[in-house]
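Residues 93 to 342 (our numbering) are what the sequence shown spells out, left to right. Input: a single structure, listed below in structure tokens.
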Amino acid sequence: AWLFAFAVLAGSLIGNRAAMAAIALNIISILILGYLFSTQVIGQGVPFFDTPSAMIAAAINFIVLNAITAISIASLLSGLDASEKRYRLMAENVADVIWTMDMDLNFTYLSPSVEQLLGYTPSEFEGKNALVLLPEGAVESVMPYYDHKLQLVQAGDASAWAPVIFETDHIRKDGSTVQVNIHARFVPDENGHVDGILGITRDITDRKKNEADKLKAQISAEENKKLALIGQVAGKMAHDFNNVLGIIMG
93 AWLFAFAVLA GSLIGNRAAM AAIALNIISI LILGYLFSTQ VIGQGVPFFD TPSAMIAAAI
153 NFIVLNAITA ISIASLLSGL DASEKRYRLM AENVADVIWT MDMDLNFTYL SPSVEQLLGY
213 TPSEFEGKNA LVLLPEGAVE SVMPYYDHKL QLVQAGDASA WAPVIFETDH IRKDGSTVQV
273 NIHARFVPDE NGHVDGILGI TRDITDRKKN EADKLKAQIS AEENKKLALI GQVAGKMAHD
333 FNNVLGIIMG
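Pasting the structure below:
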């Protein structure tokens with residue numbers, strides 16, 4: 093049993109190469125033990141195997157199963173480790189803030205980009221309640237999204253797990269505000285119950301400013317068109333009035 097566990101643990105803790113090395117050592121160990129048993133140096137009076145062929149077959153089965161198990165586990169863990177590194181790299185370098193919170197709306201994770209957006213380091217804000225980021229009056233506009241989703245969960249409605257997207261303001265550490273877009277969804281546990289909330293917060297201040305500038309330009313253009321039209325009408329009226337006045341004056 094310890095030979096089998098040796099290869100599996102080596103693959104789990106170190107990787108495929110360690111698993112292969114451990115399997116090779118196991119093969120050498122089994123060959124040595126087989127020789128000692130066959131020459132009755134050890135195991136006298138203990139009938140482990142009826143015949144040498146049975147001993148060889150058992151050894152081959154052991155090595156094959158040991159190799160399959162150790163390499164499979166090592167490959168699985170290696171794949172999981174690579175995926176974790178990939179997702180961590182994305183979370184730590186993306187401009188958007190990736191976060192999780194419990195059902196009391198306390199943050200349990202914040203990606204490093206929160207410092208650029210709000211001025212807080214992740215460690216400063218983990219465990220704090222999300223509502224403190226909302227300016228006065230914004231809580232009343234945001235909480236209905238949360239309450240509605242909870243009602244859908246309690247009703248067993250599948251749409252409860254769909255993401256909700258909304259815009260609001262957040263208060264930065266220095267007291268200024270930033271306009272944000274929030275994309276959030278409930279996260280289920282293995283029993284299908286709500287385990288927490290996963291979300292992404294994006295700074296939309298520049299986008300909102302561009303939209304406001306565009307709207308202002310459109311309004312200005314419309315006002316200019318109206319003034320030009322009024323000028324044309326006024327000019328035509330003055331021209332017509334001058335014509336009538338000329339007729340009257342002879």
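From the three backbone atoms N, C-alpha and C, an ideal C-beta is built for every residue, glycine too.
T200 and G291 - do their beta-carbons sit closer together than 8 Å? no
Proximal residues to L225 (C-beta, below 6 Å), its chain only, five neighbours per side dropped: H262 and I263
Helix, strand or coil at Y238 according to DSSP, with G and I counted as helix: helix
Roughly how many angstroms separate the alpha carbons of F258 and E314, rounded to a whole number? One C-alpha to the other measures close to 30 Å.
Does DSSP classify D298 as helix, strand or coil? Reduced to three states, the DSSP call for D298 is helix.
Cα-Cα separation between D239 and V231, rounded to whole angstroms: The alpha-carbon of D239 is positioned some 12 Å away from that of V231.
Name, in chain order, the residues that DSSP records as bridge partners for G291. W191 and A276
Have a look at the DSSP bridge pairing and note the partners of T269. I263
Short check: CB of L244 to CB of E218, under 8 Å? Taking 8 Å as the Cβ cut-off, L244 and E218 do not qualify as a contacting pair.
Taking C-beta to C-beta, are V270 and D295 nearer than 8 Å? yes
Go to L202, then tell me how far its beta strand (DSSP E) extends in each direction, as first and last residue. F199 to L202
Whether T253 touches P280 by CB criterion (8 Å): Residue identity check: residue 253 is Trp in the sequence provided, not Thr. Their beta carbons are under 8 Å apart, which means W253 touches P280 by this criterion.
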